[in-house]
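**Q**
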């Protein structure tokens, strides 16, 4: 989540750097068959906890680890059984110009998280890039799943975007 809009007072527009945080929750199973609704409600509640008071605590040097542990999440469960979804649609990734022009393609370096999926907008504004960080054997199973593959397009890399002069 982009914390800039949750700060009070709001951070100035030219403020450099990212200020983001994951909303964390452990989904519970609903025996009534409403797993999807319950999941969404639990996610919304976790997001609501990251408010202006949370951002103020971060700005004042508060212990983020302590704040997370007070969110009723058993970190031992997260370590081995977590799945992280991150959406970067609200960050103006393609508007950044470090002096040599705006980016033509934005990507992630390898992240230290296993079992994470990061969603990025495409430059043209149409479609989503989903970056999966998981164990190779698990990724191989996903790449062989015909039902999953029916919803995805082939991977494009930077080499597909620019002609090489090499």
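In the numbering used here, the protein residues as written are 536 to 701. Glycine included, C-beta positions come from ideal geometry on N, C-alpha and C. Keep in mind it's a predicted model, so treat the numbers as computed, not measured.
From the DSSP output, in three-state form, read off residue 675 for me.
**A** Residue 675 falls in the helix class under three-state DSSP.
**Q** If we ignore side chains and look at the alpha-carbon of each, how far apart do residue 618 and residue 633 end up?
**A** Going by the C-alpha atoms only, they are around 33 Å apart.
**Q** Can you find the residues in the same chain that come closer than 8 Å, C-beta to C-beta, to residue 541, ignoring five residues on each side of it along the sequence?
**A** 585, 586, 587, 589, 590, listed in sequence order.
**Q** What whole-angstrom Cβ distance do residue 537 and residue 625 have, given they're in contact under 8 Å?
**A** Confirmed, Cβ separation roughly 5 Å.
**Q** So, under 8 Å CB-CB, residue 686 and residue 677 are touching, yes? Tell me the CB distance rounded to an integer number of Å.
**A** Contact doesn't hold; Cβ gap of about 12 Å is too wide.
**Q** Does DSSP put residue 654 in a helix, in a strand, or in coil?
**A** Here residue 654 sits in strand by DSSP.
**Q** Expressed to the nearest angstrom, what Euclidean distance is found between the alpha-carbon atoms of residue 699 and residue 545?
**A** No answer about residue 699 holds up, because its pLDDT of 48 lies below 50 and its placement is not dependable.
**Q** Does the separation of the CB atoms of residue 623 and residue 653 fall below 9 Å?
**A** Contact flag set, yes.
**Q** If I follow the unbroken alpha helix (DSSP H) through residue 682, where does it start and stop?
**A** Note, residue 682: alpha helix (DSSP H), 681-684.
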